[in-house]
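Quick mapping for you: the protein sequence lines, in order, are chains C and U.
Following this note's numbering, the numbering of the first sequence begins with 1 at its first residue and continues without gaps.
Following this note's numbering, the numbering of the second sequence begins with 211 at its first residue and continues without gaps.
Even glycine gets a Cβ: it sits at the ideal position worked out from N, Cα and C.
Protein chains: 2
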Amino acid sequence: MDKKLVEDISNAIKLRMERSKKSVPVGVSNKHIHFTEKDFKALFGAGAKPTLYKQLVQPGFYAANEKVDIYGPNGVFKNVRMIGPCRSYTQVEISMGDARILGLKPPIRDSGKLDNTPGIKIAGPKGSIEIKHGVIISKRHIHFSPKDAQEFKIKDGEEARVRCGIAKDRELIFERVLCRVSDKYALEFHVDIEEANAGALENGESVFII
Amino acid sequence: MDKKLVEDISNAIKLRMERSKKSVPVGVSNKHIHFTEKDFKALFGAGAKPTLYKQLVQPGFYAANEKVDIYGPNGVFKNVRMIGPCRSYTQVEISMGDARILGLKPPIRDSGKLDNTPGIKIAGPKGSIEIKHGVIISKRHIHFSPKDAQEFKIKDGEEARVRCGIAKDRELIFERVLCRVSDKYALEFHVDIEEANAGALENGESVFII
Chain C
1 MDKKLVEDIS NAIKLRMERS KKSVPVGVSN KHIHFTEKDF KALFGAGAKP
51 TLYKQLVQPG FYAANEKVDI YGPNGVFKNV RMIGPCRSYT QVEISMGDAR
101 ILGLKPPIRD SGKLDNTPGI KIAGPKGSIE IKHGVIISKR HIHFSPKDAQ
151 EFKIKDGEEA RVRCGIAKDR ELIFERVLCR VSDKYALEFH VDIEEANAGA
201 LENGESVFII
Chain U
211 MDKKLVEDIS NAIKLRMERS KKSVPVGVSN KHIHFTEKDF KALFGAGAKP
261 TLYKQLVQPG FYAANEKVDI YGPNGVFKNV RMIGPCRSYT QVEISMGDAR
311 ILGLKPPIRD SGKLDNTPGI KIAGPKGSIE IKHGVIISKR HIHFSPKDAQ
361 EFKIKDGEEA RVRCGIAKDR ELIFERVLCR VSDKYALEFH VDIEEANAGA
411 LENGESVFII
């Protein structure tokens with residue numbers, strides 16, 4: 001036996017065993033929109049501000065009461081919820097199934113990477129806009145605080161494997177899950193509804209980095 | 211090192227390597243219905259017979275021209291396609307997302323295992339029925355001919371791991387995939403649309419048993 005190989009394999013197994021001691025809670029995202037302040041005001045009025053509907057797990061982020069309608073070339077979704085607060089780019093996050101209904105082919109992307117993404121028409125109570133790009137299918141990812149990242153021995157930008165629904169009918173392993181580390185984050189594995197359903201996953205359920 | 215353990219591990223790796231030489235094509239299922247002859251006639255008329263819309267990969271099975279509307283407690287789907295020919299039980303196969311829209315909580319089941327599954331109202335052009343049970347979320351599975359099963363060293367009823375979308379953004383491994391072997395089957399991995407979208411899988415795409 002090659003000693004170096006045996007050592008590498010046993011180290012990899014050890015790391016997996018350490019990582020899988022601690023679980024990560026699942027956060028399931030329905031379609032939603034982030035707005036710049038400018039786009040928000042165009043849709044909701046010059047004096048409007050987004051208002052809290054429900055605090056999210058990620059610190060400072062919240063589901064807002066404000067909703068809009070989005071119009072693709074083939075279909076419409078009414079009452080799509082905004083996630084607040086406002087940010088430096090307007091971004092529409094939908095599932096692959098949603099994309100087919102709208103008639104769009106957005107890429108699978110990390111948040112904020114909007115080059116060559118399709119645009120869409122958006123209608124609010126006080127006005128309408130058409131964004132030239134900004135529609136994405138979110139790449140599944142895990143948010144880590146620096147402390148969590150240290151515990152899992154994970155670096156920002158690394159990709160991880162996530163095991164879900166152990167011993168259940170829809171057990172699966174998501175490969176190439178993007179890891180994002182920031183002191184603004186709380187530990188959470190983000191998937192969209194179709195990804196959640198493929199694993200019969202529920203909001204808050206425990207999954208494991210392996 | 212424990213010699214027996216090393217041998218077991220190397221045999222398992224060898225089997226995986228052998229299996230993963232040959233790919234399996236994906237078949238993506240949208241919601242659909244199978245009917246008994248009696249239920250079909252109640253919906254489409256005493257003299258009606260299902261008619262071919264499109265041949266499926268599984269020999270003898272076809273998407274029929276005949277469509278029905280299904281009514282759950284909270285929602286409706288119009289124009290749900292029948293899969294023919296008629297069989298010994300009426301069965302409605304939907305996704306978890308579909309189930310939420312209808313307001314039903316069907317279990318994840320192998321085809322034909324309909325104990326304690328919810329019922330639903332079904333309306334056709336010539337009449338309506340209400341089935342007492344028969345709505346399921348299909349357990350993902352692979353169909354094998356006996357020859358395919360032999361090549362993959364798979365037995366009927368065994369569960370396998372299936373690797374999809376290698377090196378792509380939505381790469382994943384489906385665990386506990388039910389293997390069904392019959393001389394009536396052709397090699398195909400069946401998933402629903404949400405499972406396909408979780409892996410960015412398309413109809414006919416190659417996946418691997420590992």
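At a cut-off of 9 angstroms between beta-carbon atoms, A12 of chain C makes no contact with chain U. Between the region 105 to 118 of chain C and the region 46 to 58 of chain C, the count of C-beta pairs closer than 8 angstroms stays below three; the two stretches do not touch. Taking 7 angstroms as the Cβ-Cβ cut-off, the region 374 to 396 of chain U approaches chain C at D379, R380, E381, L382, I383, F384, E385, R386, given in chain order. Using a 10 angstroms sphere on the CB of V372 of chain U, the tally of other CB atoms reaches 16 or more, which defines it as buried. Nearest C-alpha to I352 of chain U among U:L312, U:L382, U:L397: U:L397. Taken in chain order, the unbroken stretches of alpha helix (DSSP H) that lie wholly in the region 280 to 341 of chain U and span 4 residues or more are 306 to 312.
With a threshold of 16 other beta carbon atoms within 10 Å, A46 of chain C falls short and is exposed. Close to A359 of chain U, with beta-carbon spacing below 8 angstroms, lies no residue of chain C; the smallest spacing is near 22 angstroms. Contact residues of the region 105 to 130 of chain C toward chain U are I108 (C-beta to C-beta distance below 7 angstroms).
When only Cα atoms are considered, Y281 of chain U and R19 of chain C end up about 46 angstroms apart.
Sixteen is the threshold: when 16 or more other Cβ atoms of the shown chains lie within 10 Å of the Cβ of I304 of chain U, as they do, the residue is buried. Under the 9 angstroms criterion on CB atoms, A408 of chain U is classed as interfacial with respect to chain C.
Check the Cα spacing between I364 of chain U and each of U:K336, U:L215, U:L225, U:H400: the tightest is with U:L225.
Distance from the CA atom of P235 of chain U to the CA atom of V417 of chain U, rounded to whole angstroms, is 6 angstroms.
Of the other Cβ atoms in all chains shown, fewer than 16 fall within 10 Å of the Cβ of G204 of chain C; this residue is therefore exposed.
The beta carbon of Y185 of chain C sits closer than 7 angstroms to the beta carbons of Q58, H143, F144, S145 from its chain, once the five residues preceding and following it are set aside; these are given in chain order. Relative to A99 of chain C, the option among C:G165, C:A198, C:I136 whose CA is nearest is C:I136. The shortest CA-to-CA distance from K232 of chain U to any of U:K323, U:H244, U:K357, U:E340 is the one to U:K357. Within a 10 Å sphere around the beta-carbon of L253 of chain U sit 16 or more other beta-carbons, which makes this residue buried.
Nearest neighbour of F174 of chain C by Cα position, chosen from C:A198, C:E151, C:K168, turns out to be C:A198.
For G285 of chain U, the closest C-alpha among the options U:K331, U:L382, U:V238 is that of U:K331.
Taking a Cβ-Cβ cut-off of 8 angstroms, the neighbours of G307 of chain U in chain C comprise G97, I193, E194, N197, given in sequence order. Inter-residue distance for V391 of chain U and G367 of chain U is about 8 angstroms (C-alpha atoms, whole angstroms). One Cα belongs to K4 of chain C, the other to N221 of chain U, and the distance between them is close to 21 angstroms. Nearest neighbour of I339 of chain U by Cα position, chosen from U:G375, U:F250, U:A359, U:E217, turns out to be U:F250. In the structure shown, K259 of chain U adopts coil according to DSSP, grouped into three states.
Per DSSP, reduced to three states, the secondary structure at D156 of chain C is coil, with no helix or strand assignment. For K349 of chain U, the neighbours in chain C by C-beta distance under 9 angstroms run, in chain order, D169, R170. In the DSSP secondary-structure assignment, Q55 of chain C is bridged to C:Y62. Inclusion of A410 of chain U and C389 of chain U in the CB contact set at 9 angstroms is not warranted, their separation being larger than that value. Taking C-alpha positions only, A64 of chain C is separated from D192 of chain C by approximately 18 angstroms. Under DSSP, D402 of chain U forms a beta bridge with U:S239. Counting along the chain, E7 of chain C sits inside no beta strand (DSSP E); it lies in the alpha helix (DSSP H) bounded by residues 3 to 19. Taking C-alpha positions only, F77 of chain C is separated from G322 of chain U by approximately 36 angstroms. Per DSSP, the continuous alpha helix (DSSP H) segment holding E247 of chain U begins and ends at 247 to 254.
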